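Going by our numbering, 209 is the number at position 196 of the sequence shown; the sequence numbering is gapless. In this text, a Cβ means the ideal position worked out from N, Cα and C, and glycines have one as well. Keep in mind it's a predicted model, so treat the numbers as computed, not measured. Here the structure is laid out as structure tokens; the discussion comes afterwards.
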Amino acid sequence: MVAPEIVPLAKTGGLGDVAGALPIALARLGVEVAMVLPAYQTILESGVKLERTGLQVEAKVGERRVPGEVLKTYVAGSPVFLIRQDRYFLRPQLYGTPQGDYPDNAERFAFFSKAALDLAQKTAPWDVIHCHDWQTALIPVLQKLRADLWPALQTSRTLLTIHNLAYQGTFPLSSWPLLDIDMQYFTPRHLEFYGDVNWLKGGILFADALTTVSRKYAMEIMEPEFGCGLEGVIHDCRERLHGILNGVDYAEWNPKSDPHIERNFTRGDLSGKESCKKDLQEIYQLPAATTVPLIGIVSRLAYQKGLDILADCMEELMSLELQLVVLGTGEQKYHDLLTALAARYPKKIGVRIGFDNGLAHKIEAGADMFLMPSKYEPCGLNQIYSLAYGTVPIVRATGGLDDTIEDYDPSTGAGNGFKFSAYSSAALVAAVKGALAAYTQKQAWRKIIANAMACDFSWDRSAKEYLTLYRKLGQG
């Protein structure tokens, strides 16, 4: 498994969570898994025990042959090989600074992709090489087009997981020599994309199989609204495309044992949740009103996450009988808007700009509802955490949000949350009002919480689907 980030060693987003948790679940199923990751500065300085393997790798990057040292550590018993090349990875961040991406990212990840192939060649055979996102999308391309360089890998199958299609690894034509691929493949049928080189497009075309992180997102990315210009390419490859929902780590997100929260609780005894709500209200300096519904948001404060439609209806939400707590960081305009609202409505809304893992746990445990009005959401994890904590999700019906949340039906008592389809402030407000109405009906609300906490979105479930796909690839 080759990834640009793996929890707990390196993370910027959900990709790292997946690449860290999936191998552990696969190992429980008896799969032999090895992971490959750049030796970032943050890892070298973290104090993690790293072994010298004695292995050296080499990659041709443009006209230069660049060496790399292979280090080794373990995550939950599975080996992680770290490719060290300080010229590329001895930097404070993984991909760039707040001012923008590192200008040599094409060179950095061309080296990493080729070095990973060289390492796989030296440790072959491998049944499946599982790649993640644009940073490793060159691997299926190179394995197919440069079979002469890695002959021991020609029986290996390649799988590419698309975590977020918006990030494609698009670079100018001047970067083409870094790939060491014949120019005949710079065409619209291959890696060319509006005059640039598109790594993710190449991976999609050359991988033996593709996955996305939810079934709904797999369908959505074949449509112009979500396809980011690649919808036609993906539609043509649809026979190789599979939607496998991400799992969550219930050892980390479990109200019964969570060390971050004020008081633990279970589906059978929710009394601890009331203590968690009071604690959360104190942290955000909101009135300790037990009967007022408390809505939580933990999010990147960005357009993708629906902050524009949320901003448009905040005044209306503030007129309703509710409290709102927000934790996140992102675009400055949303920082300014939310902090201004908190100053105007100090008894209604509390805002923390930044990220705090312990506080994220407290919000999941202490809130009554959790709001995710995303424009698009390939999988989403917070709505699944919310289910585990009996915190009822209010979500837009997109991607993994649509796959995991069933709209509450008062006539049958089925459902674990509230959904809205139209991407509009009016639809968002209507869904919130629906949740507020249900909250006033104690028996109905307890039923929704029970439904939510009964859901199972464990990694074991997801890993079984991946294993089925690996076996199918092996037979192909």
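Could you check the C-alpha separation between residue i and residue j for me, to the nearest Å?
i      : j      : result
LYS286 : MET48  : 38 Å
PHE5   : ALA165 : This structure gives no information on residue 5, because the portion of the chain shown stretches from 14 to 489.
ARG276 : LYS291 : 11 Å
ALA373 : ALA410 : 23 Å
PHE440 : ASN464 : Position check: residue 440 holds Ala in this sequence, whereas Phe was assumed. Spanning the two alpha carbons is a distance of roughly 24 Å.
TYR358 : LEU351 : 10 Å
LYS485 : VAL141 : 11 Å
GLU58  : PRO423 : 54 Å
GLY113 : LEU283 : 45 Å
HIS248 : GLY215 : 14 Å
ALA72  : GLU238 : 38 Å
LYS375 : CYS289 : 7 Å
TYR87  : PHE122 : 23 Å
VAL31  : ILE362 : 32 Å
ALA355 : TYR101 : 42 Å
LYS446 : GLY393 : 23 Å
PRO272 : ALA34  : 20 Å
LEU258 : GLU82  : 35 Å
VAL442 : LEU384 : 11 Å
GLU252 : GLU244 : 14 Å
GLU334 : ILE19  : 42 Å
THR25  : LEU162 : 32 Å
PHE368 : ASP117 : 28 Å
MET232 : ARG65  : 44 Å
LYS127 : GLN181 : 18 Å
Taking Cβ to Cβ, would you say residue i is nearer than 8 Å to residue j?
i      : j      : result
ASP415 : LYS229 : yes
ALA129 : VAL15  : yes
SER188 : ALA119 : yes
VAL338 : ASN395 : no
LEU482 : HIS255 : yes
LEU107 : ALA23  : yes
GLY260 : SER475 : yes
VAL70  : ILE96  : yes
GLN54  : LEU103 : yes
PRO185 : THR171 : no
ALA150 : TRP212 : yes
PRO17  : HIS143 : no
ILE461 : ALA451 : yes
TYR347 : LEU293 : no
PRO11  : LEU400 : There is no way to answer for residue 11, as the model of the chain reaches only from 14 to 489.
ILE234 : THR225 : yes
ILE407 : ALA444 : yes
LYS388 : TYR297 : no
ARG365 : LEU340 : yes
LYS135 : LEU68  : yes
PRO386 : SER227 : no
Going by CA-CA distance only, name the one from the options that's closest to residue i.
i      : options                        : result
TYR398 : ALA410, ALA380, GLY412, THR411 : ALA380
ARG459 : GLU328, PRO359, THR404, HIS143 : THR404
GLY242 : ASP193, ALA179, THR279         : ALA179
GLY430 : SER437, CYS468, TYR436, ALA439 : CYS468
GLY139 : PHE125, ALA353, GLN345, THR168 : First, the amino acid is wrong: residue 139 is Trp here, not Gly. Of the candidates PHE125, ALA353, GLN345, THR168, the one whose C-alpha sits nearest the C-alpha of TRP139 is THR168.
GLY281 : HIS273, ILE274, LYS269, CYS289 : LYS269
ILE322 : ILE257, SER437, LYS432         : SER437
PRO21  : PRO80, ARG78, VAL93, THR66     : VAL93
PHE470 : THR453, GLY413, SER434, LEU384 : GLY413
LEU158 : PHE219, ALA89, GLY371          : PHE219
ASP99  : GLY447, GLU76, ILE56, LEU68    : ILE56
ARG77  : LEU132, GLU64, PRO190, GLY29   : PRO190
PRO111 : GLY343, MET196, PHE433         : GLY343
VAL46  : ALA353, ALA133, GLY27          : ALA133
THR304 : LYS127, PRO116, THR453         : THR453
PRO105 : GLU265, GLY487, ALA52          : ALA52
TRP432 : ASP221, ILE418, GLN345         : First, the amino acid is wrong: residue 432 is Lys here, not Trp. Checked all of ASP221, ILE418, GLN345; the closest Cα to LYS432 is ILE418.
Is there at least one non-hydrogen atom of the ligand NAP closer than 7 Å to the beta-carbon of residue i?
i     : result
VAL46 : Looking for the ligand NAP in the displayed structure turns up nothing, as the structure carries no ligands at all.
Can you round the beta-carbon distance between residue i and residue j to whole angstroms, since I take them to be within the 8 Å contact cut?
i      : j      : result
LEU480 : VAL44  : 6 Å
ARG202 : ASP473 : Rounded, the Cβ-Cβ distance is 40 Å, inconsistent with contact.
ILE274 : MET382 : Actually they do not touch by this definition, with Cβ atoms about 17 Å apart.
ALA302 : GLU295 : The pair is not a contact, with the Cβ atoms about 12 Å apart (cut-off 8 Å).
THR183 : PHE206 : 6 Å
PHE124 : VAL79  : 5 Å
Inset, instruction - Could you tell me which uninterrupted alpha helix (DSSP H) segments, each at least 4 residues in length, are contained entirely in the region 23 to 105, listed from first to last along the chain? - result: When DSSP assignments are scanned along the region 23 to 105, the uninterrupted stretches of alpha helix (DSSP H) that are 4 or more residues long and fall wholly within it turn out to be 27 to 41, 54 to 57, 99 to 102.
Inset, instruction - Ignoring anything shorter than 4 residues or poking outside the region 185 to 221, list the alpha helix (DSSP H) runs there in chain order. - result: Fully enclosed alpha helix (DSSP H) runs of 4 or longer: 212 to 219.
Inset, instruction - Could you name each continuous alpha helix (DSSP H) segment of 4 residues or more that falls completely within the region 419 to 474, going from the start of the chain to the end? - result: Runs of the alpha helix (DSSP H) lying entirely within the region 419 to 474, each at least 4 residues long, are 438 to 452, 455 to 466 in chain order.
Legend entry - Secondary structure, beta strand (DSSP E): runs of 3+ residues fully inside the region 292 to 371: Note on the region 292 to 371: whole beta strand (DSSP E) runs with a minimum of 3 residues are 307 to 314, 336 to 343, 362 to 366, in chain order.
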